[in-house]
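Protein chains in written order, with the UniProt record's numbering: chain A, 1 to 384; chain B, 1 to 384. Here a beta-carbon is modelled for each residue, glycine too, at the ideal position from N, C-alpha and C. These numbers were taken from a predicted model, which means no experiment stands behind them.
2 protein chains.
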Amino acid sequence: MPLSAKLVVDIHTHVYLPRYAALLRSRSSVPFIRSTTTHQGTSEDRLLILDHEPSGGRPVGAQYWDREEKLKFMDKHGIDISIVSSANPWLDFLPASQARTLASELNNDLEQYCSTSPVVGNHKVKRLYGLGLLPLVPEITTSALLEIVRQIGSLPHLRGLIMGTRGIGKGLDDEALDPVWAAIENAGLIVFLHPHYGVDGSAWGDKGNGHVLPLALGFPFETTTAATRLILSGVFDKFPSLRLLLAHSGGALPALSSRLASCIGHDPIVASRLKHDARYYLGKLYLDAVAYGPEELGFVSDVISRAERYKPGTSTKNAANRSVGSKRMLFGTDHPFFPPLSSSNKWASVTENLEAIADVEGWSEEDKDGVRGRNAISLFNLEE
Amino acid sequence: MPLSAKLVVDIHTHVYLPRYAALLRSRSSVPFIRSTTTHQGTSEDRLLILDHEPSGGRPVGAQYWDREEKLKFMDKHGIDISIVSSANPWLDFLPASQARTLASELNNDLEQYCSTSPVVGNHKVKRLYGLGLLPLVPEITTSALLEIVRQIGSLPHLRGLIMGTRGIGKGLDDEALDPVWAAIENAGLIVFLHPHYGVDGSAWGDKGNGHVLPLALGFPFETTTAATRLILSGVFDKFPSLRLLLAHSGGALPALSSRLASCIGHDPIVASRLKHDARYYLGKLYLDAVAYGPEELGFVSDVISRAERYKPGTSTKNAANRSVGSKRMLFGTDHPFFPPLSSSNKWASVTENLEAIADVEGWSEEDKDGVRGRNAISLFNLEE
Numbered sequence: 001m002p003l004s005a006k007l008v009v010d011i012h013t014h015v016y017l018p019r020y021a022a023l024l025r026s027r028s029s030v031p032f033i034r035s036t037t038t039h040q041g042t043s044e045d046r047l048l049i050l051d052h053e054p055s056g057g058r059p060v061g062a063q064y065w066d067r068e069e070k071l072k073f074m075d076k077h078g079i080d081i082s083i084v085s086s087a088n089p090w091l092d093f094l095p096a097s098q099a100r101t102l103a104s105e106l107n108n109d110l111e112q113y114c115s116t117s118p119v120v121g122n123h124k125v126k127r128l129y130g131l132g133l134l135p136l137v138p139e140i141t142t143s144a145l146l147e148i149v150r151q152i153g154s155l156p157h158l159r160g161l162i163m164g165t166r167g168i169g170k171g172l173d174d175e176a177l178d179p180v181w182a183a184i185e186n187a188g189l190i191v192f193l194h195p196h197y198g199v200d201g202s203a204w205g206d207k208g209n210g211h212v213l214p215l216a217l218g219f220p221f222e223t224t225t226a227a228t229r230l231i232l233s234g235v236f237d238k239f240p241s242l243r244l245l246l247a248h249s250g251g252a253l254p255a256l257s258s259r260l261a262s263c264i265g266h267d268p269i270v271a272s273r274l275k276h277d278a279r280y281y282l283g284k285l286y287l288d289a290v291a292y293g294p295e296e297l298g299f300v301s302d303v304i305s306r307a308e309r310y311k312p313g314t315s316t317k318n319a320a321n322r323s324v325g326s327k328r329m330l331f332g333t334d335h336p337f338f339p340p341l342s343s344s345n346k347w348a349s350v351t352e353n354l355e356a357i358a359d360v361e362g363w364s365e366e367d368k369d370g371v372r373g374r375n376a377i378s379l380f381n382l383e384e
Numbered sequence: 001m002p003l004s005a006k007l008v009v010d011i012h013t014h015v016y017l018p019r020y021a022a023l024l025r026s027r028s029s030v031p032f033i034r035s036t037t038t039h040q041g042t043s044e045d046r047l048l049i050l051d052h053e054p055s056g057g058r059p060v061g062a063q064y065w066d067r068e069e070k071l072k073f074m075d076k077h078g079i080d081i082s083i084v085s086s087a088n089p090w091l092d093f094l095p096a097s098q099a100r101t102l103a104s105e106l107n108n109d110l111e112q113y114c115s116t117s118p119v120v121g122n123h124k125v126k127r128l129y130g131l132g133l134l135p136l137v138p139e140i141t142t143s144a145l146l147e148i149v150r151q152i153g154s155l156p157h158l159r160g161l162i163m164g165t166r167g168i169g170k171g172l173d174d175e176a177l178d179p180v181w182a183a184i185e186n187a188g189l190i191v192f193l194h195p196h197y198g199v200d201g202s203a204w205g206d207k208g209n210g211h212v213l214p215l216a217l218g219f220p221f222e223t224t225t226a227a228t229r230l231i232l233s234g235v236f237d238k239f240p241s242l243r244l245l246l247a248h249s250g251g252a253l254p255a256l257s258s259r260l261a262s263c264i265g266h267d268p269i270v271a272s273r274l275k276h277d278a279r280y281y282l283g284k285l286y287l288d289a290v291a292y293g294p295e296e297l298g299f300v301s302d303v304i305s306r307a308e309r310y311k312p313g314t315s316t317k318n319a320a321n322r323s324v325g326s327k328r329m330l331f332g333t334d335h336p337f338f339p340p341l342s343s344s345n346k347w348a349s350v351t352e353n354l355e356a357i358a359d360v361e362g363w364s365e366e367d368k369d370g371v372r373g374r375n376a377i378s379l380f381n382l383e384e
């Protein structure tokens, strides 16, 4: 029996696996988890993942590591399947040998986490699938990276990997990563590109705005920069079947893509390196639908579909077809970040993103079902 | 006789007035203009406005300071009126006393530049109007700033002022600027907010991408950050009639505004400081139409118009009305930046932005005429 067309799949949902949480607890510099005693005398865990973290870090609890909490959250919000990935900052802070060992162990842990999860209804499909980790740190060898790509490809419930923006120290436009892109492309794995570092904190000024500026702006700026550098490096020309999924609907990349194309057009050296207009490459991307507003989602689908105009030999100036663009967009929640202020409530990060999908002008019900779940079932090959 | 509804007004067009260009020539550290001899033995001026400028700076010439060149450019591209502003970095690098003197002199120079310009057809309206400069530098006194606001308000061909993002050293969310916002609001001047610094250059990596990343991404990131900090500081609550025009269609602010609202909603301290949802304030902004693509412009007009939903007492969930949003968008060219690669060509920065306006789905011809010129005639009160 085929899966229902109405399944909801969350492709942007994180975990600190117990082995990783234990590592964070063992540390005393970022990233680490600190146990403190509140004014009320109860114990509270706080997570600090960046230097100069506002508000003494954010409270963390079982939502971050306990699989039952993930499943409860899914049940509460009508999410059938989650594609779970480790939360930032992954292995970025570790020496190469430890990163390599831990990547392998955490990938096996995540396979176990998924493979022993319940099934969806009467189907064989599990409720949890995963995105593995590569030991992307300075001084790692290419062969170690390729070995972990092979491991991820061999674990049946892992369907891709999550990746930050630093690569092995010089960013993702580093040619040293070419063999890794090639291996990922060959293995048919999805790369989920996710921010962690934001931008230099001096940009935020000295007002007390909590996490608002680094999260609302810094995260998308980082993703935008990394994806743009990938475009400029020619990675999408060299690896045309590479499938990259960008967090937070690509950040500011869709909104800045025509400006980017114009700036490239005014720089003959950069322009000559690329086979296509920058806007062409946006049509090769997958973007989560974690943008919190229907206008944003509609626009992102415009930008994906207009990539057609920049295909070689195309002379169409047709208006962007949002329906086409919607096929590369996928619902996500960013769980367990952005918890509700009251624990009994539904999570606004879920309801806002589901409402946004429901309210997009120019998407049919089928398009919306696609963004809510069908696109993920197809991209991650979940139909069995 | 009223002005034609078809006039084209360029509200984003820059000048280095001769007095300012002379200052840049007298300097040997950024910002400065350096005369070099090319391989062909001819002399060439290059402008360096940031440390670590790629490609040894950009070539500059008469387009930057000669009024005849501005008028020729306008004629070539069918631009009837330009609202000219000094190009970055303005007076940011000067000691307070020099900045104050020069602001006053340059405002008078710009008044002269505009007041002696030709008229449009048989009208009294000139072809050039201007945006003045404030001496926004550390250690400037409030009274000096207020005096220059008064000066600008008294010069008949200046209709506002251009401003960078540093304020008097701590950004635009600095309460020390409150009297300045109040004076600008009272004088009915338009503030054109424009980037210069971008973000920390380490984000761009070490590949040779010329000016592409700082211009395509850094500039919009800076504008987005400054405008967001203004929203978070409550400036729009305190000065509800302040009219702010954002460069480059607001950068990434429209695309990140629902994410911003969500992040604020998860931070009770920040949320409690603001009277409205972040998206409400975007409906108070004016945005240039310098985004190089029709989907971008349509989306920006969606975001402006949906601000209605966040007005107190509103329960509408109507789809955004692009026509409403278009009323706050204004054509611009960014001249004399982005010159064509061949001097005989039209400037792509003009043709791309005009084509983008023409191609927006959901804008009527009247809306498009508005964005091309009528909105500027109204905002800058040019009808006489």
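Status (buried if at least 16 other CB within 10 Å, exposed otherwise) for residue i
i: residue 209 of chain B; result: buried
i: residue 341 of chain A; result: exposed
i: residue 51 of chain A; result: exposed
i: residue 269 of chain B; result: exposed
i: residue 156 of chain B; result: exposed
i: residue 335 of chain A; result: buried
i: residue 353 of chain A; result: buried
i: residue 126 of chain B; result: buried
i: residue 165 of chain A; result: buried
i: residue 240 of chain B; result: exposed
i: residue 116 of chain A; result: exposed
Candidates the options, of which the one nearest residue i by Cα
i: residue 70 of chain B; options: B:24, B:118 and B:59; result: B:118
i: residue 78 of chain A; options: A:216, A:160, A:380 and A:331; result: A:331
i: residue 1 of chain A; options: A:101, A:81, A:272 and A:120; result: A:120
i: residue 230 of chain B; options: B:186, B:366, B:282 and B:60; result: B:282
i: residue 249 of chain B; options: A:152, A:258, A:73 and A:247; result: A:258
i: residue 275 of chain A; options: A:292, A:349, A:237 and A:263; result: A:237
i: residue 377 of chain A; options: A:190, A:357, A:363 and A:201; result: A:190
i: residue 284 of chain B; options: B:246, B:316, B:318 and B:153; result: B:246
i: residue 15 of chain A; options: A:359, A:224, A:87 and A:312; result: A:87
i: residue 64 of chain A; options: A:41, A:39 and A:22; result: A:22
i: residue 82 of chain B; options: B:170, B:73 and B:90; result: B:73
i: residue 160 of chain A; options: A:11, A:57 and A:124; result: A:11
i: residue 150 of chain A; options: A:193, A:108 and A:226; result: A:108
i: residue 179 of chain B; options: B:141, B:213 and B:204; result: B:141
i: residue 197 of chain A; options: A:67, A:25 and A:225; result: A:225
i: residue 138 of chain A; options: A:367, A:262 and A:167; result: A:167
i: residue 85 of chain B; options: B:41, B:134, B:350 and B:296; result: B:134
Cβ pair residue i, residue j closer than 7 Å
i: residue 222 of chain B; j: residue 195 of chain B; result: yes
i: residue 7 of chain A; j: residue 80 of chain A; result: yes
i: residue 305 of chain B; j: residue 325 of chain B; result: yes
i: residue 211 of chain B; j: residue 54 of chain B; result: yes
i: residue 100 of chain B; j: residue 144 of chain B; result: yes
i: residue 114 of chain A; j: residue 132 of chain A; result: no
i: residue 106 of chain A; j: residue 216 of chain B; result: no
i: residue 328 of chain A; j: residue 298 of chain A; result: no
Beta-bridge partners of residue i, as assigned by DSSP
i: residue 44 of chain A; result: A:36
i: residue 59 of chain A; result: A:46
i: residue 126 of chain B; result: B:119
i: residue 14 of chain A; result: A:85
i: residue 286 of chain A; result: A:245
i: residue 9 of chain B; result: B:81
i: residue 160 of chain B; result: B:131 and B:190
i: residue 335 of chain B; result: B:13
i: residue 330 of chain B; result: B:288
Heavy atom of the ligand GDP within 6 Å of residue i beta-carbon
i: residue 84 of chain B; result: No copy of the ligand GDP occurs in the structure displayed, which carries no ligand at all.
| query | When Cβ atoms are compared, which residues of the segment 186–212 of chain B fall closer than 8 Å to chain A? | reply | 199, 200, 202, 203, 204, 205, 206, 207, 208, 209, 210, 211 and 212
| field | Cβ-based contacts, 8 Å cut-off: residues of the segment 260–279 of chain A near chain B | value | 260, 261, 262, 263, 264, 265, 266, 267, 268, 269, 270 and 279
| query | For the segment 56–74 of chain A, which residues have a beta carbon sitting closer than 7 Å to at least one beta carbon of chain B? | reply | none
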